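>
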Amino acid sequence: MSFAGVYPHYIQKAEKKGRTKAEVDEIICWLTGYDERALQQHIDNKTSFEDFFNQAPQINPNVSKITGLICGYRVEEIEDPLMQKIRYLDKLIDELAKGKAMEKILRK
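Each position in the sequence shown, counted from 1, maps to that position plus 367 in our numbering.
See the structure below:
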């Protein structure tokens with residue numbers, strides 16, 4: 368599955384709840400260490416989720432602070448490293464859509 372195939376759904380989910388594409392991008396960059404230009408390149412190249420996360424400059428060290436349920440699973444207990452990173456991103460986008468403040472979403 369390509370990251371670019373899911374990215375518009377993240378934007379749509381956020382915008383439905385009055386949030387912005389810029390906030391979605393900020394979350395993705397915080398999680399992965401990508402800058403805006405690199406993020407756009409991955410979207411344009413239709414990079415797979417696996418390559419998207421494997422090529423990430425640095426997964427944020429505060430990722431362990433992301434906890435809770437997503438799709439019925441506790442994100443902190445997901446054993447597959449790739450699936451866990453995908454679910455971390457899903458969880459952060461869910462928090463954005465639920466109106467949580469960016470400071471809290473970014474675990475500051």
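The beta carbon of each residue, even a glycine, is placed where N, CA and C say it ideally should be.
Computed from a predicted model, the values in this text were never measured in an experiment.
Mind checking who serine 415 pairs with in its DSSP beta bridge?
Ser369
> Quick one: is lysine 475 buried, meaning 16 or more other Cβ sit within 10 Å of its Cβ, or exposed?
exposed
> Output needed for isoleucine 433: all residues of its chain with C-beta closer than 8 Å, excluding positions within five of it in sequence on either side, in chain order.
Setting aside the 5 residues that flank it on each side, isoleucine 433 is surrounded in the same chain by Val442, Glu443, Tyr455, Lys458, Leu459, Arg474, each with a C-beta closer than 8 Å to its C-beta; the list follows chain order.
> Quick check: what's the CA-CA separation for isoleucine 445 versus glycine 385?
Each residue's alpha carbon lies about 30 Å from the other.
> From this set, Ala405, Gly435, Thr414, Ile410, which residue's C-alpha is nearest glutamate 462's C-alpha?
Gly435
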